[in-house]
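Since the structure comes first, as structure tokens, the remarks are kept for the end.
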Amino acid sequence: MFSLFISCLIVAGILWFRGIYPYVNAEEEVLHAPNGNNDSFKLLRVEGDKVFIGSRNRVYYLQFGAFKQISTLDWVPDNISTSTCIGRGKKECDNYIRVMVLKNESLYYICGTYAYQPRCRHYIIQENGQFKMTRNDYDVGTGISPFNPHHNSTAIYV
């Protein structure tokens, strides 16, 4: 929960700097880990009053001005990748989403740790705010996304 708090402070700071002042209803919990664990939330992208936050197996798409969730993208590693990761003695064998870049006006490139085998996929955001994968395959994300969810990452797309 502490990571969520820090992420919200960072987002609030960015939006305040841009002149957007959010109204937050303290009685509503908008982001929470479904299992109560620390999901390592990371601010991926800010677009006006909308933000994308990466976490364990999920991307949250939020409208910060109203502090509401528009949609989520769930991306969980397959059983073989998870088993391989566990077999190598790793503990965090989930897909921590760490990179999101806009490749053109509507195409997003999203990458995660994917059980210590980084992968990337292409998505668009539909009119209703839902994520839609544009291809049924993935790109190897080595060199784009970190293997370890605790390692920091920076991505620039040119």
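The sequence shown runs -26 to -1, 1 to 132 under mature numbering (1 follows the signal peptide of the UniProt record, and there is no 0).
A virtual CB, placed ideally from N, CA and C, is assigned to each residue, including glycine.
It should be emphasised that the depicted structure is a prediction, and the values quoted were computed from it without experimental measurement.
Annotated three-state conformation of Ser57 is helix, per DSSP.
Beta-bridge analysis with DSSP links Gln43 to Leu36. Taking C-beta atoms as the reference points, Ile71 and Arg109 fail to come closer than 8 angstroms. Looking at the DSSP output, Lys24 shares a beta bridge with Glu21, Gln37.
Lys65 carries a coil assignment under DSSP once its states are collapsed to helix, strand and coil. Residue environment for Gly86: buried (at least 16 other C-beta atoms within 10 angstroms of its C-beta). Rounded to the nearest whole angstrom, the CA to CA distance from Tyr131 to Asn102 is 26 angstroms. In the DSSP annotation of this structure, the continuous segment of the beta strand (DSSP E) that includes Arg95 starts and ends at 93 to 99. Between Leu76 and His96, the C-beta gap is not smaller than 8 angstroms, which leaves the two residues out of contact.
Residue pairing for Tyr83: DSSP places it in a beta bridge opposite Val75, His96. Under DSSP, the beta-bridge partners assigned to Asp48 are Arg32. Glu79 and Gly22 have their C-alpha atoms roughly 14 angstroms apart.
Sequence-distant Cβ neighbours of Thr116 in its own chain, meaning closer than 7 angstroms and more than five residues away, are Pro92. Counting along the chain, no beta strand (DSSP E) covers Phe121, and no H or E run does either. The bridge partners DSSP lists for Asp113 are Cys94. The beta carbon of Asn122 is closer than 8 angstroms to those of Glu66, Thr87, Tyr90 in its chain, skipping five residues each way along the sequence.
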